[in-house]
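Going by the working numbering, the sequence shown opens with residue 69, and the numbers climb by one from there.
Note that CB positions come from ideal geometry on N, CA and C, so glycine has one too.
The structure displayed is predicted, hence computed values, not measured ones.
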Amino acid sequence: MSDLPIKSNGNDYSADSIQVLEGLEAVRKRPAMYIGDISERGLHHLVYEVVDNSIDEALAGFCNNINLFIHPDNSITVIDDGRGIPVDLHEKENKSALEVVMTVLHAGGKFNKESYKVSGGLHGVGVSCVNALSSLLTAEIHRDGNIYQQIYKKGIPQGPVSIVGTSEKTGTTIHFLPDDEIFTVFEYKVEILSERIRELAYLNKRIRLTLTDERVIQEDGSFYFEEFYSTEGLKEFVAYVDEGREKLIDEVICIETEKGDIPVEIAMQYNTTFNEHVHSYVNNINTIEGGTHLLGFRRGLTRTLKRYADDSGMLTKLKFDIAGDDFREGLTAILSVKVQEPQFEGQTKTKLGNSEVAAAVDQAISEMLKNYLEEHPKEARAIVNKVILAATARHAARKARELVQRKNVLSGSGLPGKLADCSNNDPETCELYLVEGDSAGGTAKQGRDRQFQAILPLRGKILNVEKAMQHRIYENEEIKNIFTALGVSIGTDEDSKEVNLQGLRYNKIIIMTDADVDGSHITTLILTFFFRYLHSLIEQGHVYIATPPLFLVKKGKVERYCWTDAEREALTLELGGGKEGGVHIQRYKGLGEMNAEQLWSTTMNPEFRTLRQVTIDNAASADRTFSMLMGDEVAPRREFIEKNAKYAKIDV
Ligand code: 0RA
Numbered sequence: 069m070s071d072l073p074i075k076s077n078g079n080d081y082s083a084d085s086i087q088v089l090e091g092l093e094a095v096r097k098r099p100a101m102y103i104g105d106i107s108e109r110g111l112h113h114l115v116y117e118v119v120d121n122s123i124d125e126a127l128a129g130f131c132n133n134i135n136l137f138i139h140p141d142n143s144i145t146v147i148d149d150g151r152g153i154p155v156d157l158h159e160k161e162n163k164s165a166l167e168v169v170m171t172v173l174h175a176g177g178k179f180n181k182e183s184y185k186v187s188g189g190l191h192g193v194g195v196s197c198v199n200a201l202s203s204l205l206t207a208e209i210h211r212d213g214n215i216y217q218q219i220y221k222k223g224i225p226q227g228p229v230s231i232v233g234t235s236e237k238t239g240t241t242i243h244f245l246p247d248d249e250i251f252t253v254f255e256y257k258v259e260i261l262s263e264r265i266r267e268l269a270y271l272n273k274r275i276r277l278t279l280t281d282e283r284v285i286q287e288d289g290s291f292y293f294e295e296f297y298s299t300e301g302l303k304e305f306v307a308y309v310d311e312g313r314e315k316l317i318d319e320v321i322c323i324e325t326e327k328g329d330i331p332v333e334i335a336m337q338y339n340t341t342f343n344e345h346v347h348s349y350v351n352n353i354n355t356i357e358g359g360t361h362l363l364g365f366r367r368g369l370t371r372t373l374k375r376y377a378d379d380s381g382m383l384t385k386l387k388f389d390i391a392g393d394d395f396r397e398g399l400t401a402i403l404s405v406k407v408q409e410p411q412f413e414g415q416t417k418t419k420l421g422n423s424e425v426a427a428a429v430d431q432a433i434s435e436m437l438k439n440y441l442e443e444h445p446k447e448a449r450a451i452v453n454k455v456i457l458a459a460t461a462r463h464a465a466r467k468a469r470e471l472v473q474r475k476n477v478l479s480g481s482g483l484p485g486k487l488a489d490c491s492n493n494d495p496e497t498c499e500l501y502l503v504e505g506d507s508a509g510g511t512a513k514q515g516r517d518r519q520f521q522a523i524l525p526l527r528g529k530i531l532n533v534e535k536a537m538q539h540r541i542y543e544n545e546e547i548k549n550i551f552t553a554l555g556v557s558i559g560t561d562e563d564s565k566e567v568n569l570q571g572l573r574y575n576k577i578i579i580m581t582d583a584d585v586d587g588s589h590i591t592t593l594i595l596t597f598f599f600r601y602l603h604s605l606i607e608q609g610h611v612y613i614a615t616p617p618l619f620l621v622k623k624g625k626v627e628r629y630c631w632t633d634a635e636r637e638a639l640t641l642e643l644g645g646g647k648e649g650g651v652h653i654q655r656y657k658g659l660g661e662m663n664a665e666q667l668w669s670t671t672m673n674p675e676f677r678t679l680r681q682v683t684i685d686n687a688a689s690a691d692r693t694f695s696m697l698m699g700d701e702v703a704p705r706r707e708f709i710e711k712n713a714k715y716a717k718i719d720v
């Protein structure tokens, strides 16, 4: 249409658009620099990037609904009912604002300083990156009674912004197809998107978010559909994460305030477990490495509780000091701050560096908690008693921990007797297999390549760390063996349980269990232990799950392994020449049913094995999952294990 006040130049390479092309080219050349990686994570990152923009519009107060669709071709649509990205002429760039947003790197925030771009930060590489990495993208804007549209391929506009219809509504619709020349993984995982959207709904209350997966048709003929909406935000988030745990106090304690221009929201709940679960966010990004906001929270919490406990006289009989950790045992909390110009540091750039935030959060929690404790004496006593219990247990734990570490130094190599170590010394090349049971352990010892593969058999079920008190954990034989075999230690420092990975003796730690329900339970127990006590091991990508085959299909002299039912069916037909006759199928239930050579060739030989790396996509959700799995409630555990019995994927 011609009545647009827009000079767009899809094919007219002015100096400006050459610059734009260079920008997009940079993104396509080094996509990982912009979105992390080009596999599953990066693929999902594209969606977060687009949704973030709509969340920003909602935070600015102009958008209530965000609808996400996964289409059958794995393309994505995000629809919001905000004001719509402006389409008028952008003076400086001499093209429509829409085209600038879609094609110029980091152009997102240039329009509206006050409200736009709070949720960005880490993800905030801008929708132009998504555009550059999409083989096709369509932007459709409902604004001023019109529907405007522009289409791009690999980020390049295929024509000017044009009017394609009229509309009473306002809003932005982005449809994109990730470029298969860029990505190595192409399939969206509905559970990953669903967890992130749930998280966003809790972090940004009163925004209605929906997820429709058009690849999945349900029994009633409709598409898979989920809606996320939270009226109480973090308060409901904490209740959700803590669902599997027994409460110590009835209500969730909440704070929503602003200190020195920094909005601070906190929700916290004490439960009867012994673990700390504090999840922190900056601009909707999970800061897994913590930072100044978390320091401020801890400082304020410790000081306020300590002062109350001192004043109440409850500590007079205590023979030793209380440490910071003691105040957080059994605490589940979510902390969310919004920072205008966040400085992200750390290995994964998820550690907040802005020093002013510490004081803001400290002040927020102190003021609020002080009032709460004064107004709720019964709850206050329960919390202080819990803190005293924690301090007492910590002393016992410290003794046990020191004993473990002293023993290591004293007893020769210090390595556990059950460990069949490898001969290489360079940790970079070494692997440790944690194997279920002594018998499978024995097979693995025979089958392995002893140069670089070490075997540690684990006897039966390992301790459920979710339920045990800390000193029990350090006293547990299997867990001590894992620590010493790995060569890592946990600080014996009063206030720090920091894991020291410096002495790590293996680059890959591979969990190998039977492919049955018991096996998956053991895998989950080991993972829970890693998740709670050796988190950085998972974070730095050292932990893997081995995948033994489920079937051996034989006909005559031909023998082949299969890992799924589908593979088995296909192979049965292939070998049987279209019929199933004459084909013998052996089903492996346990590792013990394979001999050493079979175990090596299917599960341990790096040339043929498949290892699944354990990653943490969503810490809050993984936290909840582990509590549910390892807690007292049997039903959710059974459900999870049944659903995941085959371990289709356990990306916790
Ligand atoms: C800049 C200015 C204005 C809206 C937006 C950006 C905007 C961006 C996105 C991205 C996805 N959905 C969005 N919705 C809005 C507002 C300009 C105005 O109307 O005053």
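Remark: three or more beta-carbon pairs, one from each stretch, lie closer than 8 Å, so the region 432-442 and the region 366-386 are flagged as touching. Secondary structure of Asp379 (DSSP, three-state): helix. Excluding its 5 nearest sequence neighbours in each direction, Tyr256 has C-beta neighbours in its own chain below 6 Å: Ile138 and Asn142, listed in chain order. Assignment of Cys490 by DSSP, reduced to helix, strand and coil, places it in the coil class. Under the three-state reduction of DSSP, Gly233 is assigned to strand.
With fewer than 16 other Cβ atoms inside 10 Å of its own Cβ, Gly645 counts as exposed.
Segment contact: the region 322-330 against the region 391-402, fewer than three CB-CB distances shorter than 8 Å; contact not assigned.
Residue pairing from DSSP leaves Tyr102 without any beta-bridge partner. Rounded to the nearest angstrom, the Cβ distance from Ile653 to Phe619 is 6 Å, consistent with a contact under 8 Å.
Beyond the five residues adjoining it in sequence on each side, Leu437 comes within less than 6 Å, by CB distance, of Thr372 in the same chain, given in chain order. When the alpha-carbon of Arg516 is set against those of Asn493, Ala664 and Lys419, the nearest one is in Ala664. Taking C-alpha positions only, Arg466 is separated from Val533 by approximately 17 Å. Under the three-state reduction of DSSP, Phe619 is assigned to strand. Nearest neighbour of Gly509 by Cα position, chosen from Asn575, Gly658, Asn544 and Asn135, turns out to be Gly658. Membership of Cys630 in the beta strand (DSSP E) is indicated by the continuous run Val626 to Cys630. Residue burial annotation: Asp633 is exposed, with fewer than 16 other C-beta atoms found within 10 angstroms of its C-beta. Take the alpha-carbon of Tyr102 and the one of Lys374: they are about 44 Å apart.
Taken through DSSP and simplified to helix, strand or coil, Asn453 comes out as helix. The beta carbons of Val115 and Ile134 sit no closer together than 8 Å.
Contact between Val682 and Leu595 holds, with the beta-carbon distance rounding to 7 Å and staying under 8 Å.
Beta-bridge annotation (DSSP): Tyr612 is paired with Ile578 and Gln681. In this chain, the beta strand (DSSP E) harbouring Leu279 covers Arg276 to Ile285. Counting other Cβ atoms within 10 Å of its Cβ, Ala448 reaches 16 or more and is therefore classed as buried.
Secondary structure note for Glu344: it is in no alpha helix (DSSP H), with a DSSP letter that is neither H nor E. For the pair Glu470 and Asp393, the Cα-to-Cα distance works out to about 18 Å. In this structure, the straight-line span from the alpha carbon of Arg313 to that of Ile541 is close to 19 Å.
Under the three-state reduction of DSSP, Cys322 is assigned to strand. A direct Cα-Cα distance of roughly 10 Å separates Leu526 from Ile590. Here Glu627 is exposed: its Cβ has fewer than 16 other Cβ atoms, across all protein chains shown, within 10 Å.
The three-state secondary structure of His113, taken from DSSP, is helix. In this structure, the straight-line span from the alpha carbon of Gln521 to that of Thr252 is close to 29 Å. Between Val232 and the set Glu159, Thr552 and Glu208, the nearest pair of CA atoms involves Glu208. With a cut-off of 7 Å, the C-beta of Ser202 is classified as distant from the ligand 0RA, since no heavy atom of the ligand falls inside that distance. Per DSSP, Glu424 is one residue of the alpha helix (DSSP H) stretching across Glu424 to Glu443. The criterion of a C-beta distance shorter than 8 Å is satisfied by Thr171 and Val88. For the 8 Å CB-CB criterion, Ile123 and Leu316 do not form a contact.
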